[in-house]
Structures are given as structure tokens and as C-alpha cells.
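**Q**
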Amino acid sequence: MQPVWQRCLERLEQEIPADQFNQWIRPLQAEEEGERMTLYAPNPFVLDWVNDHYRERMEQLLGELGMQSIGFSVGSRRLAAPVEKVPELPPMPRPAGTGAAVNLRRGNLNREFTFDNFVEGKSNSLAKAAAAQVAENPGEAYNPLAIYGGTGLGKTHLMQAIGNTILRKNPNASVAYLNSENFFQDMVKALQHKAIDEFKRFYRSLDALLIDDIQFFAGKDYTQEEFFHTFNALLDGQRQIIITCDRFPKEVEGLEDRLKSRFSWGLTVAIEPPDLETRVAILKSKAAQGGVALPSDVAFFMGERIRSHVRELEGALRRVIATARFTNSAITVDFAKQALSDLLAVQAKLVTIENIQKTVAAYYKIRVADLRSNRRSRSVARPRQIAMALAKELTSHSLPEIGDAFGRDHTTVLYACNKVKELREADQRLAEDYANLLRTLTT
Amino acid sequence: MAAQLTLDIGLRDGATFALFEPGANLPLVAALEAAEEPFLFLWGPVGCGRTHLLQAACHHHASQGGSPVYLPLPALVAQGAVAMLEGLEQLGLICLDDLEAVAGEPIWERALFNLYNRARAAGTRLIAAAASPPQTLPIALPDLRSRLAWGPVFQLQELDDAGKIAALRRRAAGRGLELPEEVGQWLLRRCERDLPSLLLQLDRLDHASLAAQRRLTIPFVRSVLGAATTPPDRA
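Protein sequences, first through last, are from chains A and B. In this text, residue positions in the first sequence follow this note's numbering: the first is 2, and each later residue adds one. In this text, residue positions in the second sequence follow this note's numbering: the first is -4, and each later residue adds one.
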């Protein structure tokens, strides 16, 4: 922090309420050069506000502190490139063979995402195998590769691991990783600055294009059109395309059919929510990455309680590790229980038998009353058994209590639980339904 | 009332970690001070210090030479000021207050989702505060909800009576004012017992003590707050 700006801040802090000070003044970054100072605001909105409300007073204060000239601009000291003057264009197309654009775009790949630290399990082994193939033979193995699955299951990790591997094997490759939103914004900017040709040239010259969360293309017709052409150009040149989506791409409403049909030219693989073993393995692996040896019983306890997605698992682990560090405690099951008590209490509140009945009924498009009725037809009996099994797995109610909630006795509940267990192994469809419901109820 | 209070306290005391009475929230405060978690989420009812902690985190980050920003989401959502989120990943720390304000606002949910992604890519830390935990916030975009639980999620525990007295004394000491334990107990028996109300009373006592050049004794406090406190027979 530069001394003059620091002194100015100290004065302003006395004059401006803390919330406003933290909202408008602290995000400003100062650059001092002799008697000249430039203040960078992170965006035009902050700049306008500061201009209207604080500029006069700041100029006065900075003048008293010896500054002769004060400039206000949008940008950041780190980049020292005011966005106003130099619009953020997509990087220039790579001159043939030099790989000039590589370094500009490589920044988008997060190097932490590798195959080595991707924890494999039943739920993601197919996706991982496909990804590894693509990383070894980009443009040849499966093109395009589409990875789909719920949020927080590791789609981005796998996708970026491919990108990182491609770059490791061929440092001159040009690999771009973007969220679909960035693609859209790059395109809008290019249109505004009449640089759409450069935009096209850049994206069509890549060796690998990685687009995350393509469901957000839905309804953006012009973006889809541009993406479609980029897509074709890359495929024609045998460049690799990888996309991720939060559901089976063909099921995304608002996505053009011709785009959907292109996706199916390559390989579409799913990532399912991790099973217990994988969750435990993820916890141990993440803890080890942080230099912490997580006892197996603790990993098992946490894996069993937190079922929704890997992000929540990671968040809970960080919570346990941080609390252990600050209280200087050993990580045991009791300690984890205590450290996560609020999280577990929230979950317990969400998962009631009533809630399970509602969720299961909605899932199978039947009425809650059907679940509690005497009807024995398959369309009702199976969901009822699943709801009972979920109630046993997710709540601590006794079997008679669960039976009561369904107008049955406890032997029926026991039978249902065994039946569902058996069916989950034999019937893929039912196993998926069960996993979906479990996920819905514990997210 | 909460907004007015922040404003007053902000000007008088500056919101710092030193002025925050941690009570049972020590692991949270320690995690905030350590400033290592890329993402952190804290939740709890109004009046238990969410805003104070976010502003203290800004203060702390700035004191290390960084550039933080604090975003009061209800006000921004009301203004439709989604442009405020642009480019914030260039800063070192982003603090989002009252995150529940964006729930059910598709544009804001999307914008925050994008901000989380950009912050992660840029290595910018993000701290969010809300009235309830990520799992029960009525956020429609699952991608955003899962990102909220990315780092540790802490519930802010309300202070017990002893903690509230300690908080009052700590705040008073920060102003160079000595608040004896028994005066704290007296306040807790006679006044509204939530911390924001108690701090308002401290404000009044501070002014009065300065004006009258008197120390905070029970008789003096009674004479100042007499009208505002609950008579013992109605308590």
C-alpha cells in the first residue's frame, strides 16, 4: 500500500460509515508516481459512484497530502491496464506455429485439476476412462466429449485435467477453457468492439476448446449459432472439443437441435453422485492434499452423513480441519460430530418422514395419500417401499414409527428395506431412482 | 434498525476483529483472521454480528495491503445494480452480506454463480453471510447453491448473557470507557437483551458520560437510561 493513499484512507475512514467505506473506497487500488496518483475502480459502476460521491473530497485530501494530479480509471493495479481504453478482447489469433496465444489462454486452466488428484469410484470411472483417452489422443479418441452430471460432482475437474494433460504433452498446444458464460461475454464484447472476426479466428484456431456448463447457452440463439460454427470448424480440423452439462445434453430445453445432434457424434458420459466408498476416498485424498491424516472412522462418519456433492464434502472437511487447528484438538469422530453439529442439525431438519413421502410421491408422480393408502398395485407399492427404505436410511426413527407413518407395521418396513436393497443391485433403473432421491433429500 | 446501527457503530468504533466478542464463535473468527480459506460461508440470525465480521474481514485484509470489497446485497438487488459485481475478481477479498436477498432472483443468482467461478479462477477469496445455511436458502440455481457450500460453513452462535456483557465491556474499552461488570449485569436485567439494542444503550451512555464527565456507575447509568428501561415491577 502506498503511503499517501494509506494516509488518505485513514482520513476517509473517519468520515465515511464503515459499510460505505468498505463498499466504495476500499476496493479502489492506488498507483503513485511521484506527485501523480491513479485510482483504479474494479468496474465502471464503482467508478461512477466514487465520482459522484467522493471524488471531490478525495481530491481535496490528496491535494493536501501533496498530490498534484489524480486520475480515476477502471482497472486494477495488478493488471495496470485500464479496461476503458483497451477493451478486453479475446486474445489475438495465434500466428501459425508460434503458439503466441497459448500463454494468454493457459491462465484459464487451473493447474490444480489433474488426473492424479481425481478420486475415481464406481460413479465416475467411465467418465474418467473416457477423459484419459481424450487426453492421450486429443481430436482422435472421442470428439466431442460431453460430460454430464449434477453440480459439484467433478465435471470441471475432469475437463480441466484433460486440458492440463494436453498441455503437458504438447506445451505448444493452444487450449482454451471457458464457462459458457465467458464465451457469451467474449462474443458480446467482440461484437461491441467490432472484433468479431478476430473472435472467430481465435476460437477456430484452437487445438482444444473446453466449454463448461453449456446448459447456460439455452435461449441464447446468436451465441449458439456462433458456437455451432466454431464447433464445426474445430471438428473439421480434428481439434478436440469437450463440453460439460448439468444434464443429458439432449434434454436441455432451449438448445438448438442441430447442436444437440453434433454432441451425439462423439461420446457422452455421465458422472453420478459418488457412493459411500468414493466419498470416503475423496475425503481422505483431500485431507492428505492438505497435509492432514484423516482417520478412517472420521472419513467414514463424514462420508455417510454428507451425501450431496463433492463441494459440500470438501467444505465440511475444511470446517473440521480448521476447527481442529484453532482449538488444537485431535480429529476424532466425536470431534467431527461436534464441529459439524450445525450442519448435521440442518440436515436432520430437512429429512423428515413427511418430507421423504412428499419427495418420493413427486418423483413418481403419485399422491402422498397413495403412499399411505392400502393400494397394492406395483405403481404405488414400489415407491412406498422406496420411501420406507429412505426413511430408514435417512432418519433415526424406529421401524414401528416408520411403519405408522405409512399405515403399516414394522415387519412391512423391514421387508421393504430388504426388497429395495436387493432391487438396487439387480435393477439399474431403480438404483438410479434411489440415488436421485437420496441426493434430492440430502442436498 | 440493523442498518442504522451498523452505520453508527461503523463510524464510532470501526468494525474490527478486536472489537468482536467471539463467545462460542472462536473457530469462525480464527478462520476469518487466518484468511486462508478461499471460500467461507457464515450464517445466523440478525443481530449476532454477521455484518461486523464481514467488515472486520475487509479491515483486516486492507491492513495487510489488500483491496477488499463489501457488498450489501439487499440494497444492490433493490437498485438492480448487478453491474457492481463486474471485475471484482481483480480484488483480493469479496464479502457478500445478506445473501438471501438474491434467492429467487434469476439474474442475481446467475451473476453470483459467475462471480464465484471468476473468483475461484483468479484466486480471490470470497466470504458470504446469510440468515440461513446454503442447504435451506431458497436459491433456485443448484450450481450456485453447491458453490456456497464449497468452503467451510459456520453457524454464528448467539452470545449468552455473560458473552453479551463481555461484548459490551469490550466495545466500551475500545472507546476508552470502563464498563464495570455489575453495570453490564444491570443493563442486561433492565434493557432489551439483544446485542444491537444493548449497544445502542452503550452509545447513549457513552455520550452522557462524556457530557457529564462521569464514570459509568449504576446510579449514573440509572439516571441516564431511567426512561428507556423497563421498571423492575413490570419486568
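The beta-carbon is built from N, C-alpha and C at its ideal position, and this holds for glycine as well.
(1) Measuring only the C-alpha atoms, how far is LEU94 (chain B) from LYS170 (chain A)?
(2) For ILE232 (chain B) and LEU151 (chain B), I'd like the C-alpha separation in whole angstroms.
(3) Please identify the residue among B:ALA126, B:PRO101, B:TRP103 whose C-alpha is closest to the C-alpha of LEU37 (chain B).
(4) Which word fits ARG112 (chain A), buried or exposed, when buried means at least 16 other C-beta atoms lie within 10 angstroms of its C-beta?
(5) Go to MET68 (chain A), then tell me how far its alpha helix (DSSP H) extends in each direction, as first and last residue.
(6) I need the DSSP call for GLU484 (chain A), collapsed to helix, strand or coil.
(7) Since ARG217 (chain B) is in the alpha helix (DSSP H), which residue starts that stretch and which ends it?
(8) What are the complete alpha helix (DSSP H) segments, minimum 4 residues, inside the stretch 137 to 204 of chain A?
(9) From A:ASP49, A:VAL352, A:ARG248, pick the residue whose C-alpha is nearest to that of LYS393 (chain A); which is it?
(10) Just to check my reading of the structure: PRO275 (chain A) and ARG440 (chain A) have Cβ atoms closer than 8 Å, yes? What is that Cβ distance to the nearest angstrom?
(11) What is the DSSP secondary structure of CYS186 (chain B), counted as helix, strand or coil?
(12) Got a sec: which bits of the stretch 61 to 82 of chain B sit with their beta carbon under 7 Å from any beta carbon on chain A, in order along the chain?
(13) Return the chain-ordered list of same chain residues with a C-beta closer than 6 Å to the C-beta of LYS123 (chain A), the five sequence neighbours on each side being excluded.
(14) Keeping to the same chain, check which residues put their C-beta closer than 6 Å to that of TRP145 (chain B); ignore five residues upstream and five downstream.
(15) Assign SER309 (chain A) to one of three DSSP states: helix, strand, or coil.
(16) Does GLU182 (chain A) pass the burial test, meaning 16 or more other C-beta atoms within 10 Å, or should it be called exposed?
(17) Can you tell which of B:PRO17, B:GLY39, B:PRO63 has the C-alpha that lies nearest to the C-alpha of ASP20 (chain A)?
(18) In the DSSP output, which residue or residues are listed as bridge partners for ALA1 (chain A)?
(19) What does a CB cutoff of less than 7 Å around LEU197 (chain B) pick up in its chain, not counting 5 residues either side in sequence?
(20) Roughly how many whole angstroms lie between the Cα atoms of LEU314 (chain A) and ASN23 (chain A)?
(21) Beta-carbon of ALA323 (chain A) versus every beta-carbon of chain B: anything under 7 Å?
(22) Smallest Cα separation from GLU226 (chain A): which of A:LYS422, A:GLN358, A:LEU256?
(23) Nearest to ILE387 (chain A) by alpha carbon, out of A:TYR435, A:ALA363, A:SER374?
(24) Return the CA-CA distance between ALA230 (chain B) and THR131 (chain B), expressed in angstroms with no decimal places.
(25) According to DSSP, ALA42 (chain A) sits in a beta bridge with which residue or residues?
(26) Nearest CA to the CA of ALA307 (chain A): which residue from A:ALA427, A:LEU62, A:SER342?
(27) If you draw a straight line from the alpha carbon of PRO88 (chain A) to that of LYS190 (chain A), how long is it in whole angstroms?
(28) To the nearest angstrom, how far is it from the Cα of HIS245 (chain B) to the Cα of ALA29 (chain B)?
(29) Any idea what DSSP makes of GLN130 (chain B), helix, strand or coil?
(30) If you measure between the beta carbons of ARG280 (chain A) and GLY304 (chain A), is that distance less than 7 Å?
(31) With three or more beta-carbon pairs closer than 8 Å as the criterion, would you say the stretch 99 to 107 of chain B touches the stretch 319 to 336 of chain A?
(32) Kindly list the residues whose CB is nearer than 8 Å to the CB of ALA427 (chain A), restricted to its own chain and excluding five residues on each side of it in sequence; keep chain order.
(33) Identify each residue in the stretch 149 to 180 of chain B for which the Cβ-Cβ distance to at least one residue of chain A is less than 8 Å, and report them in chain order.
(34) Alpha carbon to alpha carbon, what distance is there between LEU154 (chain A) and HIS411 (chain A)?
(35) Cβ of GLU313 (chain A) less than 7 Å from any chain B Cβ?
(36) Taking only beta carbons into account, state which residues of the stretch 122 to 142 of chain B come closer than 7 Å to chain A, listed in chain order.
**A** Reading it off the structure:
(1) 43 Å
(2) The question about residue 232 (chain B) has no answer here: the residues shown for chain B are numbered -4 through 230.
(3) B:ALA126
(4) exposed
(5) Taken as a continuous stretch (DSSP letters only), MET68 (chain A) belongs to no alpha helix (DSSP H), as it is neither H nor E.
(6) Residue numbering for chain A in the displayed model covers 2 to 444; residue 484 (chain A) lies beyond these limits and cannot be assessed.
(7) 213 to 220
(8) 156 to 170, 181 to 193
(9) A:VAL352
(10) 10 Å between Cβ atoms; not a contact.
(11) coil
(12) SER62, PRO63, VAL64, TYR65, LEU66, PRO67, ALA76, ALA78, MET79, GLU81, GLY82
(13) ASP276
(14) PHE34
(15) coil
(16) buried
(17) B:PRO63
(18) Here chain A covers residues 2 to 444 and nothing more, so residue 1 (chain A) does not appear.
(19) LEU163, ARG166, ALA167
(20) 32 Å
(21) yes
(22) A:LEU256
(23) A:TYR435
(24) Only weak support is given to the placement of ALA230 (chain B): the predicted model assigns it a pLDDT of 39, under 50, and the question is left unresolved by the model.
(25) A:VAL75
(26) The residue you asked about is not Ala; residue 307 (chain A) is Ile in the sequence shown. The shortest Cα separation from ILE307 (chain A) among A:ALA427, A:LEU62, A:SER342 belongs to A:SER342.
(27) With a pLDDT of 34 at PRO88 (chain A), under the threshold of 50, the modelled position of this residue cannot be trusted; read the value that follows with caution. The alpha-carbon atoms of PRO88 (chain A) and LYS190 (chain A) are separated by roughly 8 Å.
(28) Residue 245 (chain B) lies beyond the stretch modelled for chain B, which goes from -4 to 230, so this question has no answer here.
(29) coil
(30) yes
(31) no
(32) none
(33) PHE149, GLN150
(34) 36 Å
(35) yes
(36) PRO128, GLN130, THR131, PRO137, ASP138, SER141, ARG142
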